[in-house]
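Enquirer: Here the sequence shown is numbered in the working numbering, starting from 3 and rising by one per residue.
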Amino acid sequence: MAVSFHGRSNSVPSIQHPQAAHIDEQLTRLRSSEAASSSSSSFIYQRLSNLQDLHDSLVKLLRLSISNQALSQDQIEKLLDGSLRILDLCNVAKDAFSQMKEGLKEIQSILRRKRGDLSAEVKKYLAIRKFMKKSFQKVLKNLKVFQNKDNTDESLVVFREAEAVTIALFESLFSFMSGSKACVKWPLVSKLMSQNKSTCEAEANEFTRVDFEFQSEKSLKMEDVQILESCIQDLEDGIESLSKSLIKYRVSLLNIL
């Protein structure tokens, strides 16, 4: 996909700028990573880092006079709306991370002190997880409805492509945090389906591994809770960095207006 800007005059030819070519390369790498079979917290964190770099590149592109001339007020407003939707996704993720960290903190405190109502705190945490998954489903459903209604003009293709790969990342992130649908209720039927138990354990990530331990009421591994907490912190840091780049991107758009 070649990125080019078209001036408002029909006599102005398409212009390919080195910065636009660089963004093309970044988008290609991000699209390739979407197709990768890997699904780990470190892989998602790397994609978050790449998206931050992409939006930093878009900011540089917007500062070029050619991009200022190519974008109309209506187009800029569309891009502002799109960036706001992505910032909303960032906030949804950060809110989920914050609630889970607080729940895990209380559980670890009880485990260390060996006193307190561990069962009650576990139930609170699982309730947070259940609510979180429903929130993710609702947000993504509403987002897809909007995307289906949105008709993009060709002059915004590079910006819309950036939006698309960013939204795809959040779909992967929310799916990763929610866990496999086939394995979510594994503890409830594990006695009858031992084969499924083995499969789900093999597929479990940091989030679902702790869910399994809580739901099955077996001995909780402090190490797994600490690993999950570290995973959440890394992803939270990645989301925060992306949010800052998105804000810079919005400021650049507003400066053109």
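Cβ coordinates follow ideal geometry from the N, Cα and C atoms, glycine included.
Around the C-beta of residue 158, are 16 or more other C-beta atoms found within 10 angstroms, so that it is buried, or is it exposed?
Expert: Buried, because 16 or more other Cβ atoms sit within 10 Å of the Cβ of residue 158.
Enquirer: Report yes if the CB atom of residue 236 is closer than 8 Å to the CB atom of residue 34, and no otherwise.
Expert: Taking 8 Å as the Cβ cut-off, residue 236 and residue 34 do not qualify as a contacting pair.
Enquirer: Using three-state DSSP, classify residue 186 as helix, strand or coil.
Expert: Its pLDDT being 48, under 50, residue 186 is placed unreliably in this model, and the value from its coordinates should be taken loosely. Three-state result, residue 186: coil.
Enquirer: State the CB to CB distance for the pair residue 241 and residue 50, rounded to an integer number of angstroms; the pair is presumed to be in contact (CB under 8 Å).
Expert: At roughly 7 Å, the Cβ-Cβ gap stays under 8 Å, so residue 241 and residue 50 are in contact.
Enquirer: Could you check the C-alpha separation between residue 91 and residue 31 for me, to the nearest Å?
Expert: Cα to Cα, residue 91 sits roughly 22 Å from residue 31.
Enquirer: Report, in whole angstroms, the separation of the C-beta atoms of residue 85 and residue 248, which I expect to be a contact under 8 Å.
Expert: Contact flag correct, Cβ pair sits at about 6 Å.
Enquirer: Hey, how far is the Cα of residue 21 from the Cα of residue 29?
Expert: Distance between the alpha carbons of residue 21 and residue 29: 12 Å.
Enquirer: In its own chain, which residues sit with a C-beta less than 6 Å from the C-beta of residue 215, not counting the 5 before and 5 after it?
Expert: Result list for residue 215: 222, in chain order.
Enquirer: I need the boundaries of the alpha helix (DSSP H) containing residue 119, first residue and last residue.
Expert: First-last for residue 119: undefined, no H or E at that position.
Enquirer: For the alpha helix (DSSP H) that residue 162 lies in, which residues bound it at each end?
Expert: Counting along the chain, the alpha helix (DSSP H) containing residue 162 begins and ends at 159–180.
Enquirer: Whose CA, out of 109, 57 and 141, lies closest to the CA of residue 243?
Expert: Looking at the Cα atoms, 57 is the closest of the given residues.
Enquirer: In the DSSP assignment, the alpha helix (DSSP H) including residue 237 goes from what residue to what residue?
Expert: Looking at the DSSP string, the run of the alpha helix (DSSP H) that includes residue 237 is 224–258.
Enquirer: Anyone know if the C-beta pair for residue 46 and residue 174 falls short of 8 Å?
Expert: Yes. Within cutoff.
Enquirer: Would you check if the distance between the CB atom of residue 98 and the CB atom of residue 179 is smaller than 8 Å?
Expert: Yes.
Enquirer: If you compare alpha carbons, which of 24, 19, 258 and 212 is closest to residue 131?
Expert: Comparing Cα-Cα distances from residue 131 to each of 24, 19, 258 and 212, the minimum goes to 212.
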